[in-house]
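K.L.:
Oh and the sequence shown: position 18 is 18 in the working numbering, straight run, nothing missing.
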Amino acid sequence: MIPKKDPKENELIDDAKTWNWIIAGFRVLAEHAIGGVKRFGMVSDKFRNRKDGFDDKIMLISCGLWNYPPAVLLN
Numbered sequence: 001m002i003p004k005k006d007p008k009e010n011e012l013i014d015d016a017k018t019w020n021w022i023i024a025g026f027r028v029l030a031e032h033a034i035g036g037v038k039r040f041g042m043v044s045d046k047f048r049n050r051k052d053g054f055d056d057k058i059m060l061i062s063c064g065l066w067n068y069p070p071a072v073l074l075n
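(1) Is methionine 42 helix, strand or coil by DSSP?
(2) Just reading off the alpha helix (DSSP H) that asparagine 67 is part of, what are its end residues?
(3) If you draw a straight line from the C-alpha of asparagine 67 to the C-alpha of valine 43, how long is it?
(4) Closest to valine 37 by CA distance: which of Lys51, Glu9, Trp19 and Ile58 is it?
(5) Excluding the 5 residues flanking phenylalanine 40 on each side, which residues of the same chain have their C-beta closer than 6 Å to its C-beta?
(6) Asparagine 20 by DSSP, collapsed to three states: which one?
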């Protein structure tokens with residue numbers, strides 16, 4: 001989703017401002033999720049393993065751990 005640009009020398013109408021605000025909220029959530037997954041070293045560092053499909057498994061496991069509810073991890 002791309003935010004709406006303001007026309008030259010004019011301001012955006014209220015609907016476009018609201019739409020941009022909604023898009024910005026989704027972008028923040030996406031950036032936080034990407035940053036959270038990158039906390040796992042195998043995702044953020046250079047990947048040196050050469051097994052086929054292993055990089056996909058690492059990403060799947062990292063995303064699963066990031067999305068796993070914290071209450072379950074603590075018990």
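Glycine is no exception: its CB is placed at the ideal position from the N, C-alpha and C atoms.
P.N.:
In brief:
(1) helix
(2) 54-67
(3) 15 Å
(4) Measuring from the Cα of valine 37, the nearest candidate turns out to be Ile58.
(5) Ser62
(6) helix
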